[in-house]
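Heads up: the sequence lines are chains A and B, in that order. Take the working numbering: the last position of the first sequence gets the number 347, and nothing is skipped along the way. Take the working numbering: the last position of the second sequence gets the number 694, and nothing is skipped along the way. Report on the following structure.
There are 2 protein chains.
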Amino acid sequence: MLEPDGSTPRRATISDIAQRAGVSTSAVSYALNDKPGVSPRTREHILAIASELEFAPAAAARMLSQGRTDTVGLILRRDPRFLANESFFMELIAGLEIGLAEQRRGLLLQLAPDRAAESSMYRQWKAAQRVDAVLLVDFERDDPRVELVRRIGLPAVAIGDPSLTGGLTTAWTDDATGIRNAVRHLHGLGHRSVARVAGGPHFAHVHIRDEAFAAECARLELRHRIVHGDFGVTLAERHTHELLDDAESGYTAIVYDSGLTAVTGLKTARARGVHVPLDLSIIGWDDSLLTTVTDPPISVMSYDVVEYGDAAARLLHGLLGGTLPAAHLAGTPTLHERGTTGPVRSA
Amino acid sequence: MLEPDGSTPRRATISDIAQRAGVSTSAVSYALNDKPGVSPRTREHILAIASELEFAPAAAARMLSQGRTDTVGLILRRDPRFLANESFFMELIAGLEIGLAEQRRGLLLQLAPDRAAESSMYRQWKAAQRVDAVLLVDFERDDPRVELVRRIGLPAVAIGDPSLTGGLTTAWTDDATGIRNAVRHLHGLGHRSVARVAGGPHFAHVHIRDEAFAAECARLELRHRIVHGDFGVTLAERHTHELLDDAESGYTAIVYDSGLTAVTGLKTARARGVHVPLDLSIIGWDDSLLTTVTDPPISVMSYDVVEYGDAAARLLHGLLGGTLPAAHLAGTPTLHERGTTGPVRSA
DNA sequence: CGAGCCCACTTAAGCGCTTAAGTTGGCATG
DNA sequence: CATGCCAACTTAAGCGCTTAAGTGGGCTCG
């Protein structure tokens, strides 16, 4: 493909095709886009030449004249150093890619250090028409992005609970039902005093799990308690100690809000000589290698995140196709029982 | 920002600015791009109007007339389901983003199911001028992508060992020196019989580590052996058993090629009643949560992957700026000693 | 004091597509 | 056999920028 002089050849344009085929560029355009206006014979001829030249329409030219980019944006507002700790994002991205690939759309990825940077990036993308739509993750309560994308007219698909996405097209997982099932399961095993080590309460999903957890415990008349941390190791450890110190309450099960905190809880309990699961049952959240390599492996509430991403991509396709915004349930976390849950040791 | 009728306002173009400022569009263009041709007074005036209108140049128009997209592409040829297992990629992406953000470039991310799909995506990107350059990861020996990007004239930065990237601009980490140091460290601890549980031998970095490992062991007159797997749990377990079964060789240390395999090795040894690190020292590769949550935490060879990505982004900037291709050392894996390495138990 | 020069602009062309609005020539129709 | 119509095209305009090539007026300088 190199020219005699060693330079890269000029890429083919529709004009080149037109010239070779002896037609106008518009005929070529019609043929390539499968639109009426050319005879089957001519169309085939044009298509043949196009493929011979390995033609692909210049993305920029298409964008400019069509006003669409076939690209969607995703901004992750996370510390780059900790991003990799959450396999959730990588799985979500994987799922998104699967869905987007089918739609022949690309994914423009960006990290933002803070909320201001994130917002200005959305504005920027909108103003520069860099993306056709965006995906919103990591919802918080009263998330300002809902209002923002609406105001600037940037199509968006939210990945989070519908109660917080303000009517945007939403892909969600039913965490409330999930945690209710977790509580019920523990209740069934004989646990009567359970705790929850939660993430930051400003996160929407944390709040939702809080409410459902408390409600279900109350319904089943379980003694219960929730402590809020930040998904980090330090607080998870401290909170686990706190709960285990509380002999009066005698918690026999703890539900953690992530895989990492659950692992931390397991180690902490172990270090105190508390046997898991005989003395204490532990349930984590979200499946990952982390929770499977411990000894014993940790029982977790989880759902298929890759599929979740795929579902979001489909919703996005619908949205851009004109479907009206709606929430779409993409899964309910299910208990994957492994080695850290069991019946209460008979007193 | 909504019009009275509820529709989104038309975004501002340079014509709008030109009109308001009472100048031509070219004057606006010169002003916005900081080029000569407008007086400071006019420039300021134009800039003021632009910011008032929240103007951002249409990316597509820019691309079309400039022939550049300010976007770089990254294709990951990995099974979406397993992608998240390697925190490496997420960290690398994080690093890339840091570097790219400074250059005001975006990252177009794509997953590919196989090599054919990957190759055709590069061609596609090149033909459609979707990206200015690409980043190449996961190098294999005789990697066909080196030839491909050269032939189609797609600027590329390779992330891998220079011996395999065929003269492309390359960011690399010195795995050979890394593993030599690991071997030396073990030797210093008194180990005289060491093994290596490696990943798939078609991977470039695996091969490089193999060679350096063998050479260093030979130099230090250590009994040694390498077994090749696939970075997966099943083979890692089998191989660990195999090595520990080999009483004659009496391996007292095993170096694994990843975090996951090291964790697997630790579990396997434990299950056999082999004490780590008293009976067996274990070294993993690449830092991740996985290796820190085990008990004991695993000693690993690692380097700063985020920085690695950042370095790659910088190289890319240079490449697009006309710097000649060169290899750039971005780090040497260093031993992070934690709980799985120790002196040989005196016999 | 006129020639020439340069600064600060404008005009116009072009990037590679899409698409609305012509323009044919062939055919059926009354 | 003139009329009209439709399929199969072409022409031309436009998307929103960049930039090479003008243009005119104020200035310097001999």
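C-beta: ideal position from N, C-alpha, C; glycine also. Quantities reported herein were computed from a predicted structural model and do not represent experimental measurements.
Given that residue i touches chain B, what residues does it touch there, using C-beta distances under 8 angstroms?
i               : result
M301 of chain A : None at all; the shortest Cβ gap to chain B is about 17 angstroms.
Q124 of chain A : A403
V306 of chain A : P427 and R428
Counting C-beta neighbours from all protein chains within 10 Å, is the total for residue i 16 or more, i.e. buried, or is it exposed?
i               : result
A271 of chain A : exposed
A171 of chain A : buried
Q129 of chain A : buried
R10 of chain A  : exposed
N380 of chain B : exposed
S87 of chain A  : buried
Q66 of chain A  : exposed
G73 of chain A  : buried
E558 of chain B : exposed
H622 of chain B : exposed
R314 of chain A : buried
T670 of chain B : exposed
S26 of chain A  : exposed
E118 of chain A : buried
H538 of chain B : buried
E568 of chain B : exposed
E337 of chain A : exposed
P624 of chain B : buried
S39 of chain A  : exposed
D485 of chain B : buried
What residues of chain A sit near residue i, judged by a beta carbon separation below 8 angstroms?
i               : result
Q476 of chain B : R11, A58, A59 and A60
T641 of chain B : V293 and T294
Any Cβ of chain B within less than 9 angstroms of the Cβ of residue i?
i               : result
L329 of chain A : no
A48 of chain A  : no
I283 of chain A : no
S51 of chain A  : no
P4 of chain A   : Legend: pLDDT at P4 of chain A = 44, less than 50; position of this residue unreliable, value from coordinates given subsequently. It does not: the Cβ of P4 of chain A has no partner Cβ on chain B nearer than 9 angstroms.
S288 of chain A : yes
L235 of chain A : no
G106 of chain A : yes
F203 of chain A : no
Along chain B, in chain order, which residues have C-beta atoms closer than 9 angstroms to that of residue i?
i               : result
I98 of chain A  : P427 and L458
T169 of chain A : Ordered by position in chain B, no residue passes the 9 angstroms Cβ test against T169 of chain A, which lies about 17 angstroms from the chain.
D22 of chain A  : One detail in the question is off: residue 22 of chain A reads as Gly in this sequence, not Asp. Those within 9 angstroms of G22 of chain A in chain B number zero; the least Cβ separation is about 23 angstroms.
Nearest to residue i by alpha carbon, out of the options?
i               : options                           : result
A565 of chain B : B:A395, B:P548 and B:V530         : B:V530
R196 of chain A : A:L266, A:H228, A:R78 and A:D143  : A:H228
V553 of chain B : B:D522, B:T638 and B:R572         : B:D522
L533 of chain B : B:G514, B:A365, B:I422 and B:T687 : B:T687
A21 of chain A  : A:H45, A:P40 and A:A12            : A:H45
L316 of chain A : A:H328, A:V305 and A:V146         : A:H328
W125 of chain A : B:I645, B:R388 and B:A403         : B:A403
L288 of chain B : B:L501, B:R498, B:T524 and B:P491 : Outside the shown range of chain B (348 to 694) lies residue 288 of chain B, about which nothing can therefore be said.
M121 of chain A : A:R225, A:L148 and A:V305         : A:L148
R634 of chain B : A:N85, A:L243 and A:L319          : Note that residue 634 of chain B is Asp in the sequence shown here, rather than Arg. Ranking the options by Cα distance to D634 of chain B, first place goes to A:N85.
Looking at chain A, is there any beta carbon in it that lies within less than 9 angstroms of the beta carbon of residue i?
i               : result
S362 of chain B : no
N432 of chain B : yes
A480 of chain B : no
A448 of chain B : yes
A441 of chain B : yes
T681 of chain B : no
G579 of chain B : no
T290 of chain B : Absent from the structure is residue 290 of chain B, since the part of chain B shown begins at 348 and ends at 694.
L533 of chain B : no
F486 of chain B : no
F435 of chain B : yes
In chain A, which residues lie with their C-beta within 9 angstroms of the C-beta of residue i?
i               : result
L411 of chain B : A58, A60, A61, M63 and L64
Anything in chain B within Cβ reach of residue i, meaning under 7 angstroms, just list it in chain order.
i              : result
E91 of chain A : A431
Near-chain B residues of the stretch 266-278 of chain A - C-beta to any C-beta below 8 angstroms: For the stretch 266-278 of chain A, the set of residues with a beta-carbon nearer than 8 angstroms to any beta-carbon of chain B comprises K267 and R270, in chain order.
For the stretch 241-267 of chain A, list every residue whose C-beta sits within 8 angstroms of some C-beta in chain B, in sequence order. Those residues of the stretch 241-267 of chain A placed with their C-beta closer than 8 angstroms to a C-beta in chain B are L260, V263, T264 and K267, ordered along the chain.
Residues of the stretch 374-388 of chain B with a CB closer than 8 angstroms to any CB of chain A: list them in chain order, please. Cβ proximity to chain A below 8 angstroms picks out nothing from the stretch 374-388 of chain B.
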